[in-house]
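Numbering (full-length UniProt numbering), first residue to last: 1 to 556. For each residue, glycine too, the CB sits at the ideal point set by N, CA and C. The model shown is predicted, which means the values in this text are computed figures rather than measured ones. Report on one structure; see the data block that follows.
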Amino acid sequence: MEDDWKPLLASERTGEAYTDRGVMDSLDPKSKRPFHVEPRNIVEDDVPERVSAEASVMSSRVHYYSRLTGSSDRLLVPPDHVIPAPEEIYVYSPLGTAFKVQGGEGSVKNPSIVTIFAIWNTMMGTAILSMPWSIKQAGFTLGIIILISMGLLTLYCCYRVLKSPKSIQYTDTSDWEFPDVCKYYFGTFGQWSSLLFSMVSLIGAMVVYWVLMSNFLFNTGKFIYNYAHNVSMSDSEYGTNGTERVICPFPNENPGSNCSLRMFYLSDNGTGTALFDHWWSKTNTVPFYLIILLLPLLNFRSASFFARFTFLGTISVVYLIFLVTLKAFRLGFHLEFHWFDSTKFFVPEFRLLFPQLTGVLTLAFFIHNCIITLMKSNKHQQNNVRDLSIAYLLVGLTYLYVGVLIFGSFPSPPLSKDCIEPNFLDNFPSSDVLVFVARAFLLFQMTTVYPLLGYLVRVQMMGQIFGKHYPGFFHVFTLNVFIVAAGVLMAKFYPNIGSIIRYSGALCGLALVFVFPSVIHMISLRRLGELRWPSALFHSFLILLGVANLLGQFFM
């Protein structure tokens, strides 16, 4: 008898038991349920009563059918009267106690509005700071067209990811994520490649965070020092419009180079200021100071403490929108349309550097590796596609709003539009109080999010390699040292967040946005005999687009 019960004990830890895969795979999806227990045999949590013979008979009967048929043979599936109705479903534990199933998986379901803003908040990241620079690289008109087009393409690819588990027949995919789907279609290659490209997006984000935190910490310290010592900068470095000041940090140099803004100080303590600048450098010292704070935080076993501060991301985005609106109102709009030729103060509307925008947007609209998880908590599953579309619309409008307002209000003349920085906050002096608040707030928010990103990297990488999320302090510390070193090196030698975002976005987007969703969809249609040449042509075009997007980052 003990051997007869083994197929039923699917999880001793949770106390759940299901029939073996053969019969459950052969049932209709609506009938994949635990076996039936009569209501009179149901006991409370605190009564260790054994389930009666009726439950054992039902279990044996379903087990008998499972012996008669395989997962692909539907001739000998259990008849409907063997499987209980949905309202009479119970879970049987190895201890012989049955519990009535309440609320499906027991997880809290969110209304559509909560799901929409959860997606919006998850997608809103550091790319919003680079959006004005990205539009400038493509040209104002072409930039708007590309932003809308990339939003639609990434939305469609995300829709394909969301639908991919449901295209798999005769297999329970209710708890699958997209890497599981990749493993199903491509085997070990799909599993490890999806992990690799997911690591690219996460580590790329951590590098960008380190560069930005170095920037924000530098400017915050500069503001405090200047205020305490009554140090001011010469107005010759500014483009002014009324009370607003805008700076061009690299007026005659490559914005990606490692050089500093030349500042003129109007104060009597020149020696003290020079000493402060020596020990408080944006690229030479501040990135190393962050190691003292952040490296210990990365080695925490759990990231639950930092997860409490995730709401700060929403507040940061809302404050940035307020800041952008106020600056644009005060500066006014400065636009001239030169379609293909650049002038002293304006860039053409169509530029050959547009792949830099597509690379940034690939990461800006990237949520494909976690969209299945986010949508599982949606209360009305039939509205998933609608809610996903609305979320993408809000994200696109947010990027468009920030990018257009900063680009349009940048004071040209006296400054050229080419002065717009990859981090648009760098175009405002450290003495600007409103920008100081934004930098200080973003610094604190990123300090709490950075350990969360490190935790995700550790869980995925260590889980795949060692089978444990925390295999040991030495393993975790070594991984964190490599991650921190990458951030420090980039902050010192190449602090251009726009370029870091576009490279990592194009690389991870090639696989997780364009290639895998398209190939999986074509394979599923082919297995069903429903693949037609228009669909094959369109999805092949998406794959070529992803390849061109990656190659364009190196040649444009």
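In the DSSP assignment, Val161 falls within the alpha helix (DSSP H) that extends over 140–163.
Counting along the chain, the unbroken beta strand (DSSP E) around Arg245 starts and ends at 244–247. When Ile135, Phe288, Leu293, Ile247 are compared, the shortest CA-CA separation from Met446 is found for Leu293. In this structure, DSSP gives Asn110 an extended state, which the three-state scheme calls strand. Going by DSSP, Leu298 is part of the alpha helix (DSSP H) stretching over 286–298. Remark: fewer than three beta-carbon pairs, one from each stretch, lie closer than 8 angstroms, so the stretch 188–204 and the stretch 405–422 are not flagged as touching.
When the alpha-carbon of Tyr209 is set against those of Ile500, Ser524, Phe541, Leu531, the nearest one is in Ile500. Rounded to whole angstroms, the gap between the alpha carbons of Gly359 and Asn230 is 42 angstroms. For Glu177 against Ile372, the beta-carbon gap comes to about 6 angstroms, under 8 angstroms, which counts as contact. Under the three-state reduction of DSSP, Asn226 is assigned to helix.
Counting other Cβ atoms within 10 Å of its Cβ, Lys327 reaches 16 or more and is therefore classed as buried. Contact between Ile520 and Val181 holds: their C-beta atoms lie close to 6 angstroms from each other, under 8 angstroms. Closest option to Asn299, judged by alpha-carbon separation, among Asp172, His469, Gly313: His469. The Cβ neighbour count for His278, taken over all protein chains shown within 10 Å, is under 16; the residue is labelled exposed. Taking the Cα positions, Ile224 is about 16 angstroms away from Met213. Assignment of alpha helix (DSSP H) within the stretch 367–451, counting only whole runs of 4 or more residues, yields 371–376, 384–409 in chain order. Between Pro179 and the set Pro517, Ala391, Phe311, Ser304, the nearest pair of CA atoms involves Pro517. If you ignore the 5 residues before and after Ala127, its C-beta comes within less than 7 angstroms of the C-beta of Val360, Leu363, Ala364, Ile501, all in its own chain and listed in chain order. Cα atoms of Tyr450 and Met206: separation of roughly 6 angstroms, rounded to the nearest angstrom. The Cβ atoms of Gln137 and Arg351 lie closer than 9 angstroms to each other.
If you draw a 10 Å sphere on the C-beta of Ala228, you find fewer than 16 other C-beta atoms in it, and that means exposed.
With respect to Ile135, Ala391 sits apart: the two C-beta atoms are not nearer than 9 angstroms. Counting C-beta atoms within 10 angstroms of its own C-beta, Gln169 has fewer than 16 neighbours from the protein chains shown and is therefore classed as exposed. Residue range 473–493 is occupied by the alpha helix (DSSP H) that includes Asn480. C-alpha of Ala438 to C-alpha of Tyr319: approximately 7 angstroms in a straight line. A distance below 9 angstroms separates the beta carbons of Lys344 and Pro413. By the neighbour-count criterion, in which a residue is buried when 16 or more other Cβ atoms sit within 10 angstroms of its Cβ, Trp133 is buried.
With three or more CB-CB distances shorter than 8 angstroms, the stretch 155–164 counts as touching the stretch 382–390. In this structure Gln356 is buried. Its beta-carbon is surrounded by 16 or more other beta-carbon atoms within 10 angstroms.
In chain order, Ile203, Met206, Leu298, Gly454, Val457 place their CB closer than 8 angstroms to the CB of Ile483, counting only its own chain and leaving out the 5 sequence neighbours on each side. Taking C-beta atoms as the reference points, Leu510 and Asn549 count as a pair closer than 9 angstroms. Taking 9 angstroms as the cut-off, the Cβ atoms of Asn427 and Phe410 count as close. Between Gly187 and Trp280, the C-beta spacing is not below 9 angstroms. If you check the CB distance, Phe346 and Thr141 do not come in under 9 angstroms. Annotated three-state conformation of Asp341 is coil, per DSSP. Within the same chain, and ignoring the five residues on either side of Lys183 in sequence, the residues whose Cβ sits closer than 7 angstroms to its Cβ are Gly190, Gln191.
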